[in-house]
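What follows is a set of notes on a single structure, which appears directly below.
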Amino acid sequence: MIVVGPPRQGKSALAEALLTGKASPFTPSECSISTFSWELEKPNAGKNNKESVMFNVWDIGGPACMTTVNQCFFTDKSLYVVIWNLALGEEAVANLQTWLLNIEARAPNSAVVVVGTHVDLIDTKFRTERLATLRAYVLALCRSPSGARAAGYPDITFKHLQ
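When you line the sequence shown up against the UniProt record's numbering, it's residues 1 to 162, in that order.
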């Protein structure tokens, strides 16, 4: 699993939450790449039948100047989790474009999940409407008007937007 996205979007905080189950306060990262193993228990496996999946997670972050180098680690054998700061609105959608195009160019047909962060910074009165609008922007970026996959983009559908 490769966690990517623009700087200061919440990649490392999400990775920490996956690992520990707790949200952590923001800590600036000088490190460009950190790795860890994460075990995810399969849902509905039953009490006596514990099945799990082990992920080797690569948190690819650091300053924007490292973006080009970090893409050297992209492989089509990975699940990509693209992080975006929902509080930045349309600007965040524009920032996603580069990441989605680069994933498709370097790791065609890989599984990609887009995860929004900082939802707590969106006013609760407008949150539902705002989230629907932002999801629609992302889908418009990755899908043609007919609903087919847009050329050069990963296969993103509504179920891939969290």
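Backbone N, C-alpha and C define an ideal beta-carbon position, used for all residues, glycine too.
If you're wondering where the values come from, they're calculated on a predicted model, not measured in any experiment.
At a Cβ-Cβ threshold of 8 Å, Leu100 and Ala92 do not count as neighbours.
In the structure shown, the three-state DSSP call for Glu51 is coil. Between the beta-carbon of Ser37 and that of Phe55 there is about 7 Å, and that keeps the pair under the 8 Å contact cut. Per DSSP, Tyr153 lies in no alpha helix (DSSP H) segment and is marked neither H nor E. Leaving aside the five residues that flank Lys22 on each side, the residues in its chain whose CB is nearer than 8 Å to its CB run, in chain order, Glu16.
Annotated three-state conformation of Asn109 is coil, per DSSP. Distance from the CA of Val138 to the CA of Pro43, rounded to the nearest whole angstrom, comes to 29 Å.
Per DSSP, Leu139 is one residue of the alpha helix (DSSP H) stretching across Arg127 to Cys142.
Between Val112 and Met1, the CB-CB gap reaches or exceeds 8 Å. Annotated three-state conformation of Ile103 is helix, per DSSP.
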